[in-house]
Amino acid sequence: MDFQLKYQINQRYLTKPSKRRSGFPMSPGVKFLVAHDTGNPGSTASGNVNWYEDTRDEQSASAHLFVDDRQILECVPAFTSSVPEKAWHVRYSMPTDDQLFGHDANDAAIGVEYCFGGRIDDDEAYRKYVWVLAYACFRYDLDPSNSIVGHFFLDPRRRTDPVTGLAHSRRTYEQLLRDVVFEFEECTTDDTINPPPGPMVIEQTGEAVTTVRLNIRRGAPNTRSPVHETVPRGTVLSFIGFVEDGQSVNGNSVWYADNNGNFFWSGGVIV
């Protein structure tokens, strides 16, 4: 089974040995993934890795990958070495990782940091974030439906990531987990043999007025699809139909379709 390589993973390794990168191998191998966010809106993948390198002998916290809208940046080996290295991204004193997976996260989990906010295109960063989590599951033969855990779940008194970062673009942790499973299935399916069906559009013409700043999505009724354009509140949009089984956002899965193959969420408009 192959995996669709949508994005490039760039390497900029931290100096070893140092507090942030010991060079120690993951002795049990990769057993699960921990989803993080940087907690610093506007900080980029490159900026975070540069800061890690500049402070490599001052602090020990680290992660394997940082993801923003421009790149996926690997700073502790996770994919490019025959044996991935440990990173220090969850406190050893936390018991939940060992209870769930039988190992401490620092010893057996890849830590992936989501960059958001500021001038970062949250939608594009999210697409890369979802993809690299799905790719890690493929690479290490992990079940995407039960092999990812948020940092907040492991250290609930101190951490809120990646919930805070995802909320910046009105996404949820539960949505992230669903989207990774969907991405995994999409990237491991041979579409030339079984092309996926397009959305079933129920014909109905009309106009809608946006009640919020709204993204118009290209090609499919979900937030993973590229943004065709973003329109301000009060914009009048024409539609030729709607789908009832688009991505559910806040419990609402109805999306409108325009004449150009684009979709917009019904929860952001008044008809």
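According to the numbering used here, the sequence shown is numbered sequentially starting from 3.
We put the CB at the ideal spot given by N, CA and C, even for glycine.
Quick caveat: nothing in here was measured; it's all calculated off a predicted structure.
Quiz item: What runs of the alpha helix (DSSP H), each 4 residues or longer, lie entirely inside the region 174–248?
Solution: 175–189
Quiz item: Using the rule of at least 16 other Cβ atoms within 10 Å of the residue's Cβ for burial, across every protein chain shown, is R22 buried or exposed?
Solution: buried
Quiz item: Just checking, does the region 114–127 make contact with the region 93–102 on the three C-beta pairs under 8 Å criterion?
Solution: no
Exercise. Inspect the beta-carbon positions of G276 and I204 and report whether they are closer than 8 Å.
Key: Any answer about residue 276 is impossible in this case: the structure gives the chain only from 3 up to 273.
Self-check item: Assigned exposure category for S240 - 16 Cβ within 10 Å defines buried
Solution: exposed
Quiz item: Whose CA, out of G208, R173, R72 and I272, lies closest to the CA of G253?
Solution: R173
Quiz item: What are the uninterrupted segments assigned as alpha helix (DSSP H) that are 4 or more residues long and contained completely in the region 55–116, given in chain order?
Solution: Within the region 55–116, the alpha helix (DSSP H) runs of at least 4 residues that lie entirely inside it are, in chain order, 98–103 and 107–110.
Exercise. Give the DSSP-derived three-state secondary structure of G152 in the structure shown.
Key: The answer is strand: DSSP assigns G152 an E or B state.
Quiz item: Should Q73 be labelled buried (16 or more other beta-carbon atoms within 10 Å of its own) or exposed?
Solution: If you draw a 10 Å sphere on the C-beta of Q73, you find 16 or more other C-beta atoms in it, and that means buried.
Quiz item: Going by C-alpha distance, which of T213, D4 and T225 is nearest V279?
Solution: Because the chain spans 3 through 273 in this model, residue 279 falls outside it and cannot be assessed.
Quiz item: Between which two residues does the beta strand (DSSP E) harbouring L168 extend?
Solution: That residue, L168, is in no beta strand (DSSP E); its alpha helix (DSSP H) goes V165 to A169.
Practice problem: Hey, could you find the ends of the beta strand (DSSP E) Y9 is sitting in? | Solution: Note, Y9: premise wrong, no beta strand (DSSP E); not H, not E.
Quiz item: Count the other CB atoms within 10 Å of the CB of Q249; is the residue buried (16 or more) or exposed (fewer)?
Solution: buried
Self-check item: Pick from A138, G236, L7 and D124 that is closest to T46, judged by C-alpha positions
Solution: D124
Self-check item: The alpha helix (DSSP H) enclosing V134, as first and last residue numbers
Solution: D124 to R141
Quiz item: By a C-beta neighbour count over all protein chains shown, 10 Å radius and 16 as the cutoff for buried, is M96 buried or exposed?
Solution: The residue in question, M96, is buried, as its Cβ has 16 or more Cβ neighbours within 10 Å.
Quiz item: Which term fits M28, buried or exposed, when burial requires 16 or more other beta carbons within 10 angstroms of its beta carbon?
Solution: Buried: at least 16 other Cβ atoms inside 10 Å.
Quiz item: Just how far apart, CA to CA, sit V85 and P30?
Solution: 10 Å
Quiz item: Looking at the structure shown, is V51 part of a helix, part of a strand, or coil, going by DSSP?
Solution: helix
Practice problem: For the region 56–76 and the region 125–136, state whether three or more C-beta atom pairs, one from each stretch, are separated by less than 8 Å. | Solution: yes
Quiz item: To the nearest whole angstrom, what separates the beta carbons of H91 and A136, a pair I think is in contact under 8 Å?
Solution: 19 Å between Cβ atoms; not a contact.
Quiz item: Do V245 and M202 come within 8 Å of each other at the CB atom, strictly closer than that value?
Solution: Closer than 8 Å, so yes.
Quiz prompt | Which listed residue (V251, F140, P234 and S227) has its alpha carbon closest to that of A210 | solution = Closest by alpha carbon: P234.
Quiz item: What number of angstroms, rounded off, separates the C-alpha of F154 from the C-alpha of S268?
Solution: 31 Å
Quiz item: Expressed to the nearest angstrom, what Euclidean distance is found between the alpha-carbon atoms of G270 and T40?
Solution: Near 29 Å, if we compare the C-alpha coordinates of T40 and G270.
Quiz item: Could you give the residue range of the beta strand (DSSP E) that holds L35?
Solution: Counting along the chain, the beta strand (DSSP E) containing L35 begins and ends at F34 to D39.
Exercise. Kindly list the residues whose CB is nearer than 8 Å to the CB of Y15, restricted to its own chain and excluding five residues on each side of it in sequence; keep chain order.
Key: R23, E76, C77, V78 and P79
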